[in-house]
């Protein structure tokens, strides 16, 4: 099971990295999402083998699953959820102001004034 | 005072403030009052914390009463407490600056709640004693910074913001991967606990983990070769936002590098890798700055170049070197924020930061020119300003360790820094007022809002104070550096005797 999960982490990372290198922001968002899944799976994997729930009375302490990585993964999931929502809003804004969601090239260095100065 | 009250307060106060400012939405005056009073209270608490640490050594608090290494540990030694104080001072100064600078319409767009969340994240990063919570602190401050960077959502801001968000997300992913591997190898994420356990790992695994964290924080700090996102994204934000980013955010990365590389992956002698990275970062950053033609873009490249000096001090792994790095961080945070404040004020008054359009600003607004001059000379490291003290201590430390090559690079970069500061001075401040500066329509706008000026003057005064009190500050940096290189006091404070 560990080997299957490890390969799964590898596949998620590979696909995520591929998508991250694309030009469209929607694909980048998907790539970030897959990378996030990969890391969460990795966190789960480092907790060791599955066991009984880590609740007093549910079983012998030696048979319990390690609760720590699960707590960490939960936190990471919540954070990536929020960030993905923000990225999607950014992609939408980019599409509604520019008509596309490609990550644009910068204008020639030095020639460019910062576009909008909040004032 | 009890450290279990002092340690969480700089994190909780801004978070409570953020909630209150959200409730006071559409009441700008109330939001401003809340934000300023919360940060002032934070300042009081962090100063008290620093005093406690100086008197009795490192302190720790276990959130929820769960003992380390199981619970959520907050800890502060001299370095952490000093960074927390400086950060709150900067946040407070830039807040005043922002109130003068930002368009009320933009300011109303949740600026104050976001800014306070950023403050909470920065304090949490400096005061946490737990690797995973360092990740959480980074995420708190980064998410606030994503929104601040794209505040107002202009087209250019979206494009530059995108680069910033995506690159930081990649770094965060690497961070969690690093935490997962550390947990797999040692079974702990508490930094004080890890300090004892990581030493037992096989050297190959230890070095791989150290490198993973160096890359993660290197992206956030803007180290060579991972700096490219920084000069691209920072100038796109409103000037007040750039000022606080420039002063604090990369330095949180530097803090994390110094903390992990001394507490977890300490090296016995000078680290050639770090020294190489330091030299390359200094050189590439300053060369980038020399080729730019817009005030805030030049200054952004200088952030990269300056970060190299801090890594140079760390890379020596001697008390003098790390103390030099600490002194440099303190000096840099103040001076860099000042420069961005002045640059933003020039843009505010004349509508552009391009050197080609500016000229003769010194005649129209001599005060701005004077403030810029002091900060610029300090950045370049001319005596008697604070940069000189910081660079001198790094140079001495480098020579004492026999690393003359990287010291030579540092001195060359100082000269180039002076050159590019002269370029801003000659292009924007000196000479006859250009059409943009002297034009008919300009006269009405030239008055720089009072809060902006007051904040900038206060920051310049602070940087001069660093130069005046360089002696005591140097002593403090040295004791902070000895604590970092021999973290037994920190470990004892967290883990118990």
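Chains as they are written, first to last, in this note's numbering: chain A, -3 to 115; chain B, 7 to 503. C-beta atoms are modelled at their ideal positions from N, C-alpha and C, and glycine is treated no differently. Predicted model, so just to flag it, every value in this text is computed and none were measured.
>> For residue 152 of chain B and residue 225 of chain B, I'd like the C-alpha separation in whole angstroms.
In response: 16 Å
>> List, in chain order, every chain B residue whose beta-carbon is nearer than 8 Å to that of residue 42 of chain A.
In response: 186, 187, 189 and 190
> With a Cβ-Cβ cutoff of 8 Å, do residue 301 of chain B and residue 164 of chain B count as a contact?
Replying inline: no
> Going straight from the alpha carbon of residue 43 of chain A to that of residue 467 of chain B, what length do you get?
Replying inline: 52 Å
> Leaving out the 5 sequence neighbours to the left and right, which residues in its chain are closer than 8 Å to residue 32 of chain B when beta-carbon positions are compared?
Replying inline: 114
>> Taking its Cβ as the centre, do 16 or more other Cβ atoms sit within 10 Å of residue 9 of chain B, making it buried, or is it exposed?
In response: buried
>> Would residue 7 of chain A pass as an interface residue toward chain B - the criterion being a Cβ-Cβ separation below 8 Å?
In response: no
>> Under DSSP, the beta strand (DSSP E) around residue 65 of chain B begins and ends at which residues?
In response: 65 to 69
> Is the segment 433 to 443 of chain B touching the segment 320 to 336 of chain B in the sense that three or more CB pairs, one from each, lie closer than 8 Å?
Replying inline: no
>> What would DSSP say about residue 60 of chain A, mapped onto helix, strand or coil?
In response: strand
> With 16 other CB atoms within 10 Å as the buried threshold, where does residue -1 of chain A fall?
Replying inline: exposed
> Going along chain A in order, which residues have a C-beta closer than 9 Å to the C-beta of residue 222 of chain B?
Replying inline: Under the 9 Å cutoff, chain A gives no residues; its nearest Cβ is about 12 Å from residue 222 of chain B.
> Beta-carbon separation of residue 396 of chain B and residue 308 of chain B under 8 Å?
Replying inline: no
>> Within 8 Å of any Cβ in chain A, is that where the Cβ of residue 356 of chain B sits?
In response: no
>> Our contact map puts residue 90 of chain B next to residue 129 of chain B with C-beta atoms below 8 Å; I'd like the distance itself, whole angstroms only.
In response: 6 Å
> Looking at C-beta atoms only, is the number of pairs between the segment 400 to 418 of chain B and the segment 464 to 482 of chain B that lie closer than 8 Å three or more?
Replying inline: no
>> What residue range does the alpha helix (DSSP H) around residue 78 of chain B cover?
In response: No alpha helix (DSSP H) contains residue 78 of chain B, which is instead part of the beta strand (DSSP E) from 78 to 82.
>> Considering only the alpha carbon of each residue, which of B/273, B/157 and B/491 lies closest to residue 170 of chain A?
In response: Given that chain A is displayed from residue -3 to residue 115, the structure contains no residue 170 of chain A and the question cannot be resolved.
>> Less than 8 Å between the C-beta atoms of residue 455 of chain B and residue 77 of chain B, yes or no?
In response: no
> Do residue 329 of chain B and residue 483 of chain B come within 8 Å of each other at the CB atom, strictly closer than that value?
Replying inline: yes
> Expressed to the nearest angstrom, what Euclidean distance is found between the alpha-carbon atoms of residue 294 of chain B and residue 87 of chain B?
Replying inline: 34 Å
> Along chain A, in chain order, which residues have C-beta atoms closer than 7 Å to that of residue 145 of chain B?
Replying inline: 75
> If contact means a Cβ-Cβ distance below 8 Å, which residues of the segment 52 to 68 of chain A contact chain B?
Replying inline: 64, 65 and 68
> So what does DSSP say about residue 360 of chain B, is it helix, strand or coil?
Replying inline: strand
> Between the segment 89 to 106 of chain B and chain A, which residues of the former have a C-beta closer than 8 Å to a C-beta of the latter?
Replying inline: none
> Which value, in whole angstroms, describes the spacing of the CA atoms of residue 33 of chain A and residue 222 of chain B?
Replying inline: 18 Å
>> Counting only Cβ pairs nearer than 8 Å, list the residues of chain A close to residue 138 of chain B.
In response: 68 and 71
>> If I measure Cβ to Cβ from residue 68 of chain A and keep anything under 7 Å in the same chain, skipping five residues before and after, which residues do I get?
In response: 39
> Among B/46, B/85 and B/52, which has the Cα closest to the Cα of residue 64 of chain B?
Replying inline: B/85
> Of the residues that make up the segment 421 to 438 of chain B, which ones have a beta carbon closer than 9 Å to any beta carbon in chain A?
Replying inline: none
>> Quick check on residue 103 of chain A: buried or exposed, where buried means 16 or more other Cβ atoms within 10 Å of its Cβ?
In response: At residue 103 of chain A, the pLDDT of 47 sits below 50, so the modelled position is not reliable; the number obtained from the coordinates is stated separately. Under this definition residue 103 of chain A is an exposed residue.
>> How far does the alpha helix (DSSP H) with residue 266 of chain B in it extend, from its first residue to its last?
In response: 256 to 269
> Contact check, residue 345 of chain B vs residue 305 of chain B under 8 Å by CB: the rounded distance?
Replying inline: 5 Å
> Which class does residue 240 of chain B belong to by DSSP, given the choice of helix, strand or coil?
Replying inline: helix
> At which residues does the alpha helix (DSSP H) containing residue 8 of chain B begin and terminate?
Replying inline: That residue, residue 8 of chain B, is in no alpha helix (DSSP H); it is neither H nor E in DSSP.
> Between B/220, B/342, B/376 and B/457, which lies nearest to residue 92 of chain B when the distance is taken from Cα to Cα?
Replying inline: B/342
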